[in-house]
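Residue numbering for the sequence shown follows my numbering, starting at 937 and increasing by one per position. Don't be surprised by glycine CBs; every beta carbon is placed ideally from N, CA and C.
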Amino acid sequence: MAPWIKIRLELYRQLENHVRLLLGREAKDLQQYREQFNREFEKGWRVSSRDQLLSEIAKSDIVLLADFHALQQSQKAQLRILRAAVTAAPAILAVEFIDHENQAWLDRWMEGGISDKEFLQQIDWVKSWGFPWDHYRPLLRFAQKRGIKVYGINRTLGIPSRQNLQVRDDFAGERILEIRKNHPGHRIFVVFGDLHLASAHLPRVLERKKGKREIFRTLTVFQNPEKIYFSLLSKGQEMAVEVVRLSRHQFCILSVPPWVKWQNYLMFLERHLDRELHGETLEYSDHVGRYLRVLAEDFSIQVPVDQVAVYTPDDAHFWSEMENRLGPQVLQSYRSMVQDEKSFFVPEMQAGYLARPSVNHASQLAMAILHSHLSGWKTTPVPNAENFLKMIWLEAVQYFGTKMINPRRKTDTLHDIRAALASRQPKDLGQEALQLALHQKMKEILLLNGQGSKWNSYRARRTTSYREASRLLGGLLGEKLYTGLRKGLLRLDHLLLYFKTPVDGPEFSRFYLELIEVVEGLPEPFLSKLDRI
């Protein structure tokens, strides 16, 4: 097994085991229920595509969409499917995350009769479901805007057991068939927990309980099974394949690697269980340190992981310490990043600020710490024209680190930047940053073609424009570096030399232009970040 795969397989196993430990010992009947689900991925499968999936959805009457509750990308994937599949044919949305007994309150919210706050209080969201409302709200808002009727089809039964899960399967199946009877000609999209969608669970209930003469086609869409992902990874196909087909009536979409899925679940449990039990602020240094170890193993280097310092919005004294150590311009830049919920590394303090407890934010900090260790980076660049190239490079390195941990992450492409700029009004705050990013990209292309003198300089008025433009361009650069590595066009030891280059050194501008010359010859990973299911 290649070291790359071995490191990530071990990371996945550690995270899943940690989650299982927090959840407690699983009852034998629950294990059997889970094993029936896992067997779905033991059979053969073949590579498919977004178009084939959407074509099969268009032929189906009931579409079962798997939900991994603690993973926001799971709900985002469901929303992307709905946006692509809900066209001319009338549709219904049936969801597990709302109890059937709360249908009246759901109807009132969908009609705009009550606020989010009142709705969540009335249905006791925290107790009845408990996973983040922000993950599921976009699904309901989409249905609300499209005039799609939404039904809650869950039935809360207390402590989970196989018997309870089967009762819930029966209840949901009955509700789906009832909805189908009341809405003839409508395609029903069902968002339900992934374990429930095994052939022997909810799909079998639908077959068993339907009328003798009733004919309908059910399609199941699973998400992110570990076995299939690691099979693709072993073949070097994990970036190229987003959809696989298990059978005539089963597809699977791959939006995140397994370790990202379980890391999100772990962070969710620690936030919601540990605080409830201990009432203390969570320590996220372990999460950042975990990714720092993975990155260090990838590059075969040693990094002092035990010295990682990570702060969160709950750490009030962090800002006071920054005020004592940093100048006003840098402080203002960090202040705006805090307001925008951006994570960042402060080299002067050798400390990171984790704005959100997510895999991308934690791995960004891990790479920033690694980069500081390699390059001797000690000073935050003031956001201005003189430091623009440094800012781009720092963003590129950190984005690259997030791709090493979460290969499914996508950045804005040049196509996306142009499209965003075309849609903005002249006075939009983000327009200047988009113009600056596009201007810099065009300047680099001309320089590589020996025509740099023909391009006038462009200076932004807002310092925040340099920060946002560097994020966009750094993402482009980091994406290409990662693509070059995975396609065998760049070697890890060469990348290590790049990352060791002093950011504050006198030769940095020359290094940056030489790097751009290398990167421009690498293939584009994708046309647009929107090209996904």
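Could you tell me the distance, in whole angstroms, from the CA atom of residue i to the CA atom of residue j?
{"i": "V999", "j": "L1357", "result": "37 Å"}
{"i": "R1066", "j": "N1320", "result": "In the sequence as displayed, the identity of residue 1066 is Gly instead of Arg. The straight-line gap from Cα to Cα measures roughly 44 Å."}
{"i": "L1042", "j": "I1034", "result": "8 Å"}
{"i": "A1024", "j": "R1082", "result": "11 Å"}
{"i": "A1002", "j": "Y1402", "result": "40 Å"}
{"i": "H954", "j": "S1191", "result": "22 Å"}
{"i": "A1232", "j": "T1349", "result": "28 Å"}
{"i": "L1155", "j": "I1115", "result": "17 Å"}
{"i": "Q1286", "j": "Y1201", "result": "28 Å"}
{"i": "F1281", "j": "K1085", "result": "46 Å"}
{"i": "G1088", "j": "S1221", "result": "39 Å"}
{"i": "V1196", "j": "F1166", "result": "13 Å"}
{"i": "K1278", "j": "L1372", "result": "20 Å"}
{"i": "E1453", "j": "I941", "result": "30 Å"}
{"i": "F1158", "j": "D1130", "result": "7 Å"}
{"i": "T1338", "j": "D1251", "result": "24 Å"}
{"i": "V1295", "j": "E1219", "result": "15 Å"}
{"i": "V1439", "j": "Q1387", "result": "26 Å"}
{"i": "I1458", "j": "E1257", "result": "Looking at the sequence shown, residue 1458 is not Ile but Leu. Approximately 42 Å between the Cα atoms of the pair."}
{"i": "P1264", "j": "Y1270", "result": "10 Å"}
{"i": "N1118", "j": "D997", "result": "14 Å"}
Pick out whichever of the options has its Cα sitting closest to the Cα of residue i.
{"i": "E1456", "options": "G1420, V1062 and P1283", "result": "G1420"}
{"i": "R970", "options": "W981, R956, G980 and V983", "result": "R956"}
{"i": "I1028", "options": "H1122, E978 and G1049", "result": "H1122"}
{"i": "L990", "options": "R982, Y1335 and V1022", "result": "V1022"}
{"i": "L1325", "options": "K1436, Q1376 and Q1265", "result": "Q1376"}
{"i": "L1408", "options": "F1336, G1424 and L1451", "result": "F1336"}
{"i": "I1017", "options": "P1074, F1166 and R961", "result": "P1074"}
{"i": "F973", "options": "W1061, A1136 and E1206", "result": "A1136"}
{"i": "A924", "options": "R1271, V1031 and E1047", "result": "Here the chain has residues from 937 to 1469 only, and residue 924 is not among them."}
{"i": "Q950", "options": "D1242, A1405 and P1194", "result": "P1194"}
{"i": "N1323", "options": "K1416, T1399, G1424 and E1054", "result": "T1399"}
{"i": "H1071", "options": "R1077, L1113 and Q1011", "result": "Q1011"}
{"i": "V983", "options": "Q1199, I1189 and M937", "result": "I1189"}
{"i": "R944", "options": "L1169, R1153 and G1411", "result": "L1169"}
{"i": "H1005", "options": "Y1270, Q1199 and H1119", "result": "Q1199"}
{"i": "Y1394", "options": "M1378, F1055 and K1436", "result": "M1378"}
{"i": "A1369", "options": "L1417, R1397 and R1345", "result": "R1397"}
{"i": "R1344", "options": "A963, Q1173 and Q1243", "result": "Q1173"}
Against chain C, with Cβ distances strictly below 8 Å, would residue i count as a contact?
{"i": "V1192", "result": "Here there is only one protein chain, and chain C is not present."}
Tell me which residues share the same chain as residue i and place their Cβ nearer than 6 Å to its Cβ, disregarding the 5 neighbours each side in the sequence.
{"i": "I1341", "result": "Y1227 and S1299"}
{"i": "I1050", "result": "R1044"}
{"i": "Q1014", "result": "L1001 and V1127"}
{"i": "P1461", "result": "E1415 and T1419"}
{"i": "I1059", "result": "N1038 and W1041"}
{"i": "S1406", "result": "M1327, I1328 and E1331"}
Skipping 5 residues on each side, what residues in its chain have a beta carbon closer than 8 Å to that of residue i?
{"i": "L1432", "result": "F1235, I1237 and L1310"}
{"i": "D1052", "result": "W1045, W1069 and R1073"}
{"i": "R1019", "result": "F1078"}
{"i": "Q1268", "result": "T1399"}
{"i": "R1104", "result": "N1090, R1091, L1093 and H1132"}
{"i": "E978", "result": "K1163"}
{"i": "H1208", "result": "G1066"}
Identify, in the order they occur along the chain, each residue of the same chain with its Cβ nearer than 7 Å to the Cβ of residue i, setting aside the five sequence neighbours on each side.
{"i": "V1239", "result": "L1228, A1232, L1306 and H1309"}
{"i": "R1185", "result": "A small fix is needed here, since residue 1185 is His in this sequence, not Arg. If we look at H1185 and ignore the five residues flanking it on each side, its Cβ neighbours are T1154, L1155 and T1156."}
{"i": "L1056", "result": "W1069"}
{"i": "F1435", "result": "H1307, L1310, S1311 and V1333"}
| alpha helix (DSSP H) runs contained entirely in the segment 1183-1213, provided each spans 4 or more residues | Listed in chain order, the alpha helix (DSSP H) runs fully inside the segment 1183-1213 are 1194-1205, counting runs of at least 4 residues.
| request: Identify every run of the alpha helix (DSSP H) within the segment 1085-1158, keeping only runs that are complete inside it and at least 4 residues long; order them along the chain. | output: Runs of the alpha helix (DSSP H) inside the segment 1085-1158: 1098-1118 and 1138-1145.
| task | Specify whether the segment 1307-1314 and the segment 1339-1356 touch according to this definition: at least 3 beta carbon pairs, one from each stretch, less than 8 Å apart. | result | In this structure the segment 1307-1314 does not lie against the segment 1339-1356, because fewer than three pairs of beta carbons, one per stretch, are closer than 8 Å.
| field | Contact the segment 1223-1230 vs the segment 1297-1308: 3+ CB pairs below 8 Å | value | Because the criterion of three Cβ pairs below 8 Å is met, the segment 1223-1230 and the segment 1297-1308 touch.
| Are three or more beta carbon pairs between the segment 1322-1338 and the segment 1172-1188 nearer than 8 Å? | Result no; under three Cβ-Cβ pairs closer than 8 Å.
| field | Cβ contact check for the segment 1097-1114 and the segment 1041-1056: 3 or more pairs under 8 Å | value | When Cβ pairs closer than 8 Å are counted between the two stretches, the segment 1097-1114 is seen not to touch the segment 1041-1056, the count staying below three.
| task | Check whether the segment 1240-1254 touches the segment 1289-1298, taking contact to mean three or more Cβ pairs, one atom from each stretch, closer than 8 Å. | result | At 8 Å Cβ cutoff, the stretches touch.
| request: Could you pull out every unbroken beta strand (DSSP E) segment of at least 3 residues lying fully inside the segment 1258-1303, listed in chain order? | output: Uninterrupted beta strand (DSSP E) stretches at least 3 residues long and entirely within the segment 1258-1303 occur at 1280-1282 and 1287-1289, given in chain order.
| said: Would you call the segment 961-970 in contact with the segment 1142-1152, where contact means no fewer than 3 C-beta pairs closer than 8 Å? | reply: With the cut-off at 8 Å, the segment 961-970 and the segment 1142-1152 do not touch.
| field | 3-residue-minimum beta strand (DSSP E) runs that sit fully inside the segment 1023-1054, ordered along the chain | value | DSSP runs (the beta strand (DSSP E)) wholly in the segment 1023-1054: 1027-1035.
| message | If we require 4 or more residues per run, which alpha helix (DSSP H) segments fall completely within the segment 1320-1385? | response | Taken in chain order, the complete alpha helix (DSSP H) segments of 4 residues or longer contained in the segment 1320-1385 are 1324-1341, 1350-1359 and 1367-1384.
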